[in-house]
Amino acid sequence: MPVRSLGYIVAETTDLESWRDFAANCLGLMPAQSPREDVALFRMDDRPFRIWIQKGEQNRFLAAGWEFGSRKEFEEVIERLKAAGRPVEMADVMEARARHVDALARSSDPAGHPFEIYYGRHYDYAPFVSPAAVSRFVTGDNGDMGMGHVVLTAPNFEETHEFYKDTMGFGDTDLGRFYLAGGGPDDPGVGFAFLHARNGRHHSLALGQMPESPNGAVHIMVEAATLEDVGRAYDRVVKSKGKWHLSATLGRHVNDKMTSFYVRTPGGFDVEYGWNGLVIDPDTWIPTTSMSVSDWGHKWAHEKDD
Ligand SMILES: [Fe+2]
0 MPVRSLGYIV AETTDLESWR DFAANCLGLM PAQSPREDVA LFRMDDRPFR IWIQKGEQNR
60 FLAAGWEFGS RKEFEEVIER LKAAGRPVEM ADVMEARARH VDALARSSDP AGHPFEIYYG
120 RHYDYAPFVS PAAVSRFVTG DNGDMGMGHV VLTAPNFEET HEFYKDTMGF GDTDLGRFYL
180 AGGGPDDPGV GFAFLHARNG RHHSLALGQM PESPNGAVHI MVEAATLEDV GRAYDRVVKS
240 KGKWHLSATL GRHVNDKMTS FYVRTPGGFD VEYGWNGLVI DPDTWIPTTS MSVSDWGHKW
300 AHEKDD
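Per numbering that gives the first Met the number 0, the sequence shown starts with residue 0, numbered consecutively.
Here it is in structure tokens:
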């Protein structure tokens, strides 16, 4: 059975306080009780956490946590990982308990990104309250759509793309080719694969045919319930007097119709802060091919003015 959703992400930081400030006061995530002093946890819904930040030597994205639906599905994916020649390390009971799951294992993809797999849904019964008055984050019924999406780079694009489909059970939603160097005769374009887990979110994972990202990931996406939530978050970044860096202006993506902007995390990778992403039926969806990224906006900070 296929992967169900992006359950959580794990990142490392040299500066927990910056992350605490950013996650709560910029993104509007709810600080959650943490089992350890060197770990900060943030909630988006009724799961115990969706973002796990741990103190370390680097500022980077560490791992996606992919959810499976049952012990059987979890054991099956472990068998497929082993058959594909990927390393599998079983986490012990205490590690699984810290992640609020029934069982946990670690592996990596052919591009070298570590990831975790788990099954077992635990809940936090205290109501979700955003410290920045975000109305709600969109994670689906019972959190089925997961916390959002993650975008990774893969120099060995084909091999990594096949791995996520054949071994992890993702499906293609959109196979883009983007001409980021202007689309002239010397621009071969960059391959992208947008992949869905077994839920309605347009993509839970995207892969770009690019060299390894120094920050461990290109971006993660979180989806708020209203355009006003996105607009207010945009204001918080713009009015932060440079404390938070706007990576790309408001815009709308062609393929998942997400209206969003991008802000840089203290981890160096970006957060896409979005609203109104396309919901698909993963059982009947036929993959599309997008030839551009956005139909308006999303002007990147490093782009020159037209
Ligand atoms: Fe995105």
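A virtual CB, placed ideally from N, CA and C, is assigned to each residue, including glycine.
* DSSP bridge partner residues for HIS148 (one or two, in chain order) -> As a working note, residue 148 is residue 149 in the sequence shown. For HIS148, which the question treats as bridged, DSSP gives the partners MET220.
* Asked: Assuming LEU174 contacts ALA192 under a Cβ cut-off of 8 Å, what Cβ separation, rounded to an integer in Å, is found between them?
  -> Here residue 174 refers to the residue found at position 175 when the sequence shown is read from its first residue. Here residue 192 refers to the residue found at position 193 when the sequence shown is read from its first residue. At roughly 6 Å, the Cβ-Cβ gap stays under 8 Å, so LEU174 and ALA192 are in contact.
* Taking all protein chains shown into account, decide if PRO34 is buried (16 or more other Cβ within 10 angstroms of its Cβ) or exposed. => Working through the sequence shown from its first residue, we reach residue 34 at position 35. Burial is judged here by how many other beta carbons sit within 10 angstroms of a residue's own beta carbon; PRO34 has fewer than 16 and is exposed.
* Beta carbon shell of ligand 1 at less than 5 Å from a heavy atom -> Every residue passing the under-5 Å Cβ criterion appears here: MET220, GLU271.
* Asked: Cα-Cα, which of VAL253, LYS240, GLY142, LEU277 is closest to ARG46?
  -> The residue you call residue 46 lines up with position 47 of the sequence shown. Comparing Cα positions, the closest option is GLY142.
* Could you name the residues that DSSP lists as bridge partners for GLN53? => Locating residue 53 in the sequence shown gives position 54, counting from the first residue. For GLN53, the beta-bridge partners assigned by DSSP are GLU11, VAL38.
* Going by DSSP, what residues sit across from TYR272 in a beta bridge? -> Position 273 of the sequence shown, counted from the start, is the residue given in the question as residue 272. Note: TYR272 sits in a beta bridge opposite VAL221, PHE260.
* Cβ of TRP295 less than 8 Å from any chain C Cβ? -> The structure shown has no chain C; it contains just one protein chain.
* Asked: Using the beta-carbon count (16 or more within 10 Å), is GLY147 buried or exposed?
  -> In the sequence shown, counting from the first residue as 1, residue 147 sits at position 148. Classified as buried, GLY147 has 16 or more neighbouring CB atoms from the shown chains inside 10 Å of its CB.
* Asked: Can the beta-carbon of ARG263 be found less than 8 Å from the beta-carbon of HIS244?
  -> Within the sequence shown, residue 263 is the residue found at index 264, counting from 1. Within the sequence shown, residue 244 is the residue found at index 245, counting from 1. Yes, the Cβ-Cβ distance between ARG263 and HIS244 is below 8 Å.
* Tell me whether the beta-carbon of TYR117 lies closer than 8 Å to the beta-carbon of GLY6. => For the purposes of this step, residue 117 is identified with residue 118 of the sequence shown, where counting begins at 1. For the purposes of this step, residue 6 is identified with residue 7 of the sequence shown, where counting begins at 1. Taking 8 Å as the Cβ cut-off, TYR117 and GLY6 qualify as a contacting pair.
* To do: Indicate the three-state DSSP secondary structure (helix, strand or coil) for MET167 in the structure shown.
  => Here residue 167 refers to the residue found at position 168 when the sequence shown is read from its first residue. Of the three classes helix, strand and coil, the one that applies to MET167 here is coil, per DSSP.
* Host alpha helix (DSSP H) of MET29 (start-end) -> The count along the sequence shown starts at 1 and reaches residue 29 at position 30. MET29 -> not in any alpha helix (DSSP H); beta strand (DSSP E) instead, spanning 29-31.
* Can you list, in chain order, the stretches of the beta strand (DSSP E) that have 3 or more residues and sit fully within the segment 179-218? -> Entirely contained in the segment 179-218, the beta strand (DSSP E) runs reaching 3 residues are, in chain order, 189-195, 204-207.
* So, helix, strand or coil for GLU302, using DSSP? -> Here residue 302 refers to the residue found at position 303 when the sequence shown is read from its first residue. Coil, per DSSP.
* Minimum length 3: unbroken beta strand (DSSP E) runs contained in the segment 71-139 -> Here the runs fully enclosed are 102-107, 113-118.
* To do: For TRP18, write down the residues that DSSP places opposite it in a beta bridge.
  => Stepping through the sequence shown from its first residue, residue 18 is reached at position 19. Bridge partners of TRP18: none, in fact.
* Please determine, among HIS201, ALA95, ASP186, PRO130, the residue with the shortest C-alpha to C-alpha distance to GLY139. => Locating residue 139 in the sequence shown gives position 140, counting from the first residue. Checked all of HIS201, ALA95, ASP186, PRO130; the closest Cα to GLY139 is HIS201.
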